[in-house]
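Residues in the sequence shown are numbered consecutively from 225, following this note's numbering.
The C-beta atom is built at its ideal place from N, Cα and C for all residues, glycine as well.
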Amino acid sequence: MLLEVSNIKKSFQDNLVLENLSLSLDLEESICITGSNGSGKSTLLKICSGLLHPDQGAVNVLEKSFLSQSQGLEIRRRIGVLLHSNMLYPTYTVRQNLYLFAKILGIIEYKSRVGEIVERLGLDDSMDKEVQKLSNGNKRKVGLCKSLLNDPDLLIIDEPESNLDAESLKTIAGILTDRATSGKGNLFTSHSVEFSALCSTKSFKISSGSLVLL
Numbered sequence: 225m226l227l228e229v230s231n232i233k234k235s236f237q238d239n240l241v242l243e244n245l246s247l248s249l250d251l252e253e254s255i256c257i258t259g260s261n262g263s264g265k266s267t268l269l270k271i272c273s274g275l276l277h278p279d280q281g282a283v284n285v286l287e288k289s290f291l292s293q294s295q296g297l298e299i300r301r302r303i304g305v306l307l308h309s310n311m312l313y314p315t316y317t318v319r320q321n322l323y324l325f326a327k328i329l330g331i332i333e334y335k336s337r338v339g340e341i342v343e344r345l346g347l348d349d350s351m352d353k354e355v356q357k358l359s360n361g362n363k364r365k366v367g368l369c370k371s372l373l374n375d376p377d378l379l380i381i382d383e384p385e386s387n388l389d390a391e392s393l394k395t396i397a398g399i400l401t402d403r404a405t406s407g408k409g410n411l412f413t414s415h416s417v418e419f420s421a422l423c424s425t426k427s428f429k430i431s432s433g434s435l436v437l438l
């Protein structure tokens, strides 16, 4: 099992966001989470990424827990995460950003790995541009490149369609589908029914803090 979320609850002050929410994601699955703004989609992804801890319940990623420091480090080496912030160095070029993060991840053949991902996402001509000078769509693509560097067992993305055109979305849908077919897993949120239909094997909606299968 790549991801097991069991009866989690999360509140912010008096605002109950998630309640008794459970979710499991196995090999070859690509799960889409939908819901209105403020329903808790981003909160759920942050919890699954180890960036937030639930008030109650348990979260296991790759059969390990973020509550253990050593296990948390291993999880982070084996997952890829792209939330609303792309977490890039704005004054560095695309090449400098991706080479840096690849080295941090310990990828030996990092130049070929970066080249492979960049080519698929059509960023070849932007490699030597500063991130801050890119369009919002290309910044999003660089963030996705970063999250794919380690060929993660589990990829977690918050609204992959954000700032991207239809052709780019088809490319990303293809990447997610290929990952699931090869035995990896994906968890993503989306407002786009069309995008979800392209690449999800299962879809849920967050309603009143819990998940409803669509």
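I'd like the list of long-range same chain contacts for V338, defined as Cβ closer than 8 Å, with 5 residues on each side in sequence excluded. R319, L322, Y323, A326, C369 and L373
Between C423 and T405, is the Cβ-Cβ spacing less than 8 Å? no
Going by C-alpha distance, which of L240, D382 and L226 is nearest V285? L226
Grab me the residues of Q180's own chain with a C-beta within less than 8 Å of its C-beta, minus the 5 sequence neighbours each way, in chain order. As shown, the chain starts at 225 and ends at 438. That puts residue 180 outside it, with no answer to give.
I'd like the list of long-range same chain contacts for E243, defined as Cβ closer than 7 Å, with 5 residues on each side in sequence excluded. K233, G433 and S434
E228 (DSSP reduced to helix, strand or coil): strand
D349 (DSSP reduced to helix, strand or coil): helix
Taking all protein chains shown into account, decide if A397 is buried (16 or more other Cβ within 10 angstroms of its Cβ) or exposed. buried
Taking Cβ to Cβ, would you say I380 is nearer than 8 Å to L411? yes
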